[in-house]
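Numbering (my numbering), first residue to last: 10 to 605. Written below as C-alpha cells is the structure these notes are about.
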Ligand SMILES: Nc1ncnc2c1ncn2[C@@H]1O[C@H](COP(=O)(O)OP(=O)(O)OP(=O)(O)O)[C@@H](O)[C@H]1O
Ligand SMILES: [Mg+2]
C-alpha cells in the first residue's frame, strides 16, 4: 500500500567532503584508480634513485676503475617508463568514467531536490540563482574533479614519500627540506582559508547577475512596454561590475600571495647544495646520493608549485559544493506520508485551520467547513483574502500551521504525496506548457495514456477544435517555430489535463479572468463538465460563475465570514452582497426584464 518516495541520502558536510560522499558510492572503482595512481607515484619516486645510483657507480668507475655497465640502468629506467605509460594509459579512462558518473549523480540529486522542494523554498529563491547553481557551480565541481581530485592525492603522497627518502640519505638534508616545506604549505593553506569566502561571494554575485538576465528575459514585454531597456542594461552593468570586481580582487589576492610561499620553498635547493655539498666533501654522503636528493627536490618543486594552483581550484569548487549542497540538503518541509487513499467520494473537511506564510501575519485563521462530495464550491472574497491559500492546503502545496485538512476522512499529511496529487487536480491561474507536443502536454500527468483517450479529453475540454487547426494537430510542438497558444487555449489544455487525471477533487483558480466572453463561455462549459460529480473548488471573481455553485464560501482577511447558496447569501444582504453588489443588481434587472 504505502508508496515509497525516492529520497537522496542526507549529505552531512556542506563542503567538498559532502561532494566526495558521492564518490564513495563506487568504492571499487575508487580503489582501482588509487591503486594505479600509487603505482605511478612509486615509479616516479624510483626514477631519481636509479639516476643517483648510476652516478655513484660512474664515480667509482672514474676514481677506482670499478666495472660498470650503464646499460643496466638504461634498461631498468626504460622498463619503468614503459610500465608507467601503460598504467597511465589504463588510469586515464578509468578515472574519467568514475568522475563522469559521480558528476552525473550529483546533477541528478540536484535536479531531484529542485523538483521536490516545497513551494515555500521556491517562494524565497529566485530562478536565476537556482540556474546559476545548477549550471555554473556544477561546472566548477567538474573542473575540480578533473583537475585536482587525483592530483591532490598524488601531491600529498609524493611529498611524504620524497621527504622520507631524503631523510634516508641524510637527516640534515631531510630537516632542511621539512624546514622550508612546512612553512610553505602552511602559508598556502592559510591563504586558501581566506580565499573560500571570497569565492563564495564571487559565486553569489554570479547568481545575482544571472537573476537580472533571467528576469529580463521573462519580463521582456514589461521592460519594453515601459521603455526601461537602458535602465535594465544599467542594472545588469552594475551587477556585472560587482561580480567582475570581486572576481578580480579574489584572483589578485591569490596571485600576490602564492609567489611569497613559493619564495620560501625556493631556498630548499641552495640550502641542500650547501649542506649536502659539505657532507659530500667530508665523506658522509655519496655524490650520487646528493644527486638523488637534488632530483627529488626538482620533481617536488614542480608539485609544490601546483599546490598553489589546485588550492585555488579547490577553494573555488568548495564554495560551489557548498552552494549545490545547500539545495540537495535543504530539508523537505513537505514530507510524504505513507497511506494510499482507499476509493471514496472526495469529501473535504477543514478543521480549525490556521496558516501563515512567515512570521507575523496569518493568511488563514480558524477556517472550518465540510465540503460534500461531488458539490461545487465557489470561493469568493477580495484580493489577498486567502482564497488561493485556502485551496493550496488541500494538495499540500503548503502545510497547515494548526488544525487539519481531511480528504475522505484521512489527514492529508498521512497520505503519500504522489497519491494525494493524483486524487486532487489543480488548474492554476497561469497554465504552464512544456516545450513538447500538445498531446504530451495533455498527458503530462499520465504519459502512458492512449491517443484516443487524450483526444477524448481534449474534446471534453473544448480544445479539440483549435488543436486540429494547428499545423501538425496533436503533434505540434509548443514553443517551436513560433507556435504559441493564447491564454484561453492554454487554459483548455489544462482542463484537458485534468480530465485525463480523472480526479476526485478539483481546484480551479480564477480560470476565466483574462479572456474574451466567447472563450469565457467555452471555458465555463468545459469547467462545468469537468467538475460534474467531483468535489470542486472554484475561485471566481465573476458572478456568472459563482451564482450556480452549490455552496459559496465568502472569505475576508483569512477567515470564512459567510457560507451558503447564492439565494441565501443574497437574501442575507451581508458581505457577499457588498462584493457582488453591482453585478447582483444587474442580474436582478435582467431577471425582472425576462419575466415581463
Ligand atoms: N507565497 C507567499 N508568500 C508570502 N505571503 C503570501 C504568499 N502568497 C500569498 N501571500 C499573502 O497571503 C495573503 C493571502 O493571499 P492569497 O494569495 O491567498 O489571496 P487571494 O485571496 O488568492 O487573492 P487574489 O484574489 O488576489 O488571488 C495575502 O496577504 C498575500 O500577500
Ligand atoms: Mg489567488
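For every residue, glycine included, the Cβ atom is placed at its ideal position computed from N, Cα and C.
Check whether residue i and residue j have beta carbons under 8 Å apart
i	j	result
residue 425	residue 146	no
residue 389	residue 549	yes
residue 107	residue 149	no
residue 322	residue 156	yes
residue 69	residue 77	yes
residue 230	residue 114	no
residue 6	residue 336	There is no way to answer for residue 6, as the model of the chain reaches only from 10 to 605.
residue 574	residue 382	no
residue 516	residue 435	yes
residue 536	residue 504	yes
residue 552	residue 494	no
residue 487	residue 462	no
residue 50	residue 198	no
residue 395	residue 564	yes
residue 201	residue 324	yes
residue 8	residue 469	Residue 8 falls outside the range modelled here, since the chain spans only 10 to 605, and no answer is possible.
residue 100	residue 45	yes
Residue i, buried or exposed, once every other Cβ within 10 Å from all chains shown has been counted against 16
i	result
residue 331	buried
residue 16	Note on residue 16: pLDDT 45, under 50, position unreliable in the model; the coordinate value appears next. When all chains shown are included, residue 16 counts as exposed.
residue 512	buried
residue 370	exposed
residue 208	buried
residue 480	exposed
residue 233	exposed
residue 203	exposed
residue 91	exposed
residue 292	exposed
residue 385	buried
residue 83	exposed
residue 263	buried
residue 105	exposed
residue 591	exposed
residue 471	buried
residue 57	buried
residue 306	buried
residue 72	exposed
residue 120	exposed
residue 87	exposed
residue 226	exposed
residue 250	exposed
residue 560	buried
residue 109	exposed
residue 518	buried
residue 506	buried
residue 319	buried
residue 541	exposed
residue 467	buried
residue 346	buried
residue 476	buried
residue 587	exposed
residue 595	exposed
residue 510	buried
Item to check | Closer than 5 Å: residues whose CB approaches a heavy atom of ligand 1 | outcome: 132, 366, 372, 392, 393, 394, 395, 396, 397, 398
Checklist entry - Could you give the uninterrupted runs of the alpha helix (DSSP H) lying entirely in the segment 388-412, keeping only those of 4 residues or more? => result 396-401
Next on the checklist: Going residue by residue through the segment 475-534, where are the continuous beta strand (DSSP E) segments of at least 3 residues, counting only ones entirely within it?
Outcome noted: 514-518
Next on the checklist: Using 8 Å as the cut-off, can you tell me whether the segment 568-585 makes contact with the segment 411-423, which would need three or more C-beta pairs spanning the two stretches below that distance?
Outcome noted: no
Checklist entry - Enumerated in chain order, which unbroken segments of the alpha helix (DSSP H) with a length of 4 residues or greater are wholly contained in the segment 36-118? => result 36-73
Next on the checklist: Between the segment 165-183 and the segment 285-293, can you find at least three pairs of beta-carbon atoms closer than 8 Å?
Outcome noted: yes
Next on the checklist: Does the structure place the segment 345-364 close enough to the segment 401-410 that three or more beta carbon pairs sit under 8 Å?
Outcome noted: yes
Checklist entry - Any contact of the segment 257-271 with the segment 308-320, i.e. 3+ C-beta pairs under 8 Å? => result yes
Checklist entry - Is it true that the segment 134-145 meets the segment 202-218, where meeting means three or more beta-carbon pairs spaced less than 8 Å apart? => result yes
Item to check | Touch test, the segment 216-223 against the segment 341-353, Cβ-Cβ under 8 Å, three pairs minimum | outcome: no
Checklist entry - Going along the chain, which unbroken runs of the alpha helix (DSSP H) with 4 or more residues stay wholly within the segment 529-589? => result Listed in chain order, the complete alpha helix (DSSP H) runs (minimum 4 residues) inside the segment 529-589 are 552-555, 575-581.
Item to check | Three CB pairs or more closer than 8 Å across the segment 48-63 and the segment 20-33 | outcome: no
Item to check | Ranges of the alpha helix (DSSP H) found wholly within the segment 134-179, counting only runs of at least 4 | outcome: 136-141, 147-156, 158-178
Item to check | Given 8 Å, three or more beta-carbon pairs between the segment 258-265 and the segment 164-175 | outcome: no
Next on the checklist: Quick check: the segment 496-511 against the segment 434-445, are at least 3 beta-carbon pairs closer than 8 Å?
Outcome noted: yes
Next on the checklist: So, does the segment 442-453 touch the segment 371-391, judging by three or more C-beta pairs under 8 Å?
Outcome noted: no
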